[in-house]
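Numbering (our numbering), first residue to last: -2 to 48.
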């Protein structure tokens, strides 16, 4: 029965590790890049209306 507990612990720990690995390598750079693009793009306060 203790083997089942150890395997479960390693499985959950492994899933957590790979989730953090995915977040650090893919999601975090994507999030930073989107934030930089949003900061560099000029913001329009007043829209130009052509009537």
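Cβ atoms here follow ideal geometry from the backbone N, Cα and C, with glycine treated the same way. Nothing here was measured: the structure is a model prediction, and the numbers come from that model.
{"Check": "Where does residue 43 fall in DSSP's three states?", "Outcome": "coil"}
{"Check": "Quick one: residues in its chain with C-beta nearer than 7 Å to the C-beta of residue 17, no 5 flanking neighbours on either side, listed in chain order?", "Outcome": "none"}
{"Check": "In the DSSP assignment, the alpha helix (DSSP H) including residue 3 goes from what residue to what residue?", "Outcome": "-1 to 19"}
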